[in-house]
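Once you know that position 179 of the sequence shown is 178 in numbering that gives the first Met the number 0, the rest is easy, because the numbers rise by one and skip nothing. We put the CB at the ideal spot given by N, CA and C, even for glycine. As the structure is a computational prediction, the values presented were derived from the model and not from experiment.
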Amino acid sequence: MPPITIGVVDDHPLFREGVTRSLAEVSDFMVVGEGTSSDEALLIASNSQPDIMLLDVSMPGDGLSAISAVLSKSPNTRILMLTASEEVDTLVDALQRGAMGYVLKGVGSRGLAQAIRTVFSGSRYVSPAMSAKIMERSLSPEASNKGALTLREREVMDLVAQGLSNKRIGLRLDLQEKTVKHHMTQILTKLGVTNRTEAALLWRESH
């Protein structure tokens, strides 16, 4: 079985070199490129088309902006953000732009390997600490006073968590698309979140 190929892009040399050494010790991982900026991430994507690209949020050229650019060069590459940013809004932004995972830099070598394997398999991965932050936001007094989801809203959220669009959810549940949009508005209010990506993350963590 061929190794999982990985690109590592971070503008802190000591951290990047440490990550690269850690990955090199895993028998089925192969680092095929290192970079310090979004421009170098694009070069790695173009030249090597790695299975996984590790990107920092804060680096020259902006890591978040690099997500869509990397995917345009190498559509099959799965992007895993490896960052110090613990902002929920940054996490949600990264996932909306196409990242498959979000890992905090305090992660150990075993945790990073698990995140890489999870994302490589096609599933999302979010650091437990960030999942907890999303849960905390949803359990705020403002959110908890909005009431529980109805049965229909739960059916909608089950499909949202699977990545279905409003149109596809409507077809699956025999609802008009505008009705699904109305349900989503109610769901976001009740869960205390601001968008469907955050709602889906929360739903997967709690079900």
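What are the boundary residues of the alpha helix (DSSP H) that includes residue i?
i, result
"R96", "87-96"
"V159", "150-160"
"E24", "No alpha helix (DSSP H) contains E24, which DSSP labels as neither H nor E."
"Q113", "108-119"
"H182", "176-190"
"N165", "165-172"
"A65", "62-72"
Give me whichever residues DSSP pairs with residue i in a beta bridge.
i, result
"I5", "V30, I51"
"L79", "L53, G100"
"V125", "Y101"
Kindly indicate the opening and closing residues of the beta strand (DSSP E) around residue i.
i, result
"V102", "100-103"
Keeping to the same chain, check which residues put their C-beta closer than 8 angstroms to that of residue i; ignore five residues upstream and five downstream.
i, result
"V87", "M129, K132, I133, R136, E197"
"L79", "I51, M52, L53, L54, A98, M99, G100, Y101, V102, A114, I115, V118, Y124"
How many Å lie between residue i and residue j at the Cα?
i, j, result
"L172", "N165", "10 angstroms"
"K177", "I186", "14 angstroms"
"V56", "T193", "21 angstroms"
"M0", "P12", "31 angstroms"
"T76", "L54", "12 angstroms"
"S143", "L158", "Caution applies to S143, whose pLDDT of 48 falls short of 50 and renders its modelled position unreliable; the value that the coordinates give is listed next. C-alpha separation (whole angstroms): 23 angstroms."
"P74", "Q161", "20 angstroms"
"L42", "S108", "26 angstroms"
Can you list, in chain order, the residues of its chain whose CB lies under 6 angstroms from that of residue i, leaving out five sequence neighbours each side?
i, result
"S47", "V31, G32"
"L90", "Y101, M129"
Once the 5 residues before and after residue i are set aside, which same chain residues still bring their CB inside 7 angstroms of it?
i, result
"Q175", "G169"
"V7", "R15, V18, T19, V30, E33, L53"
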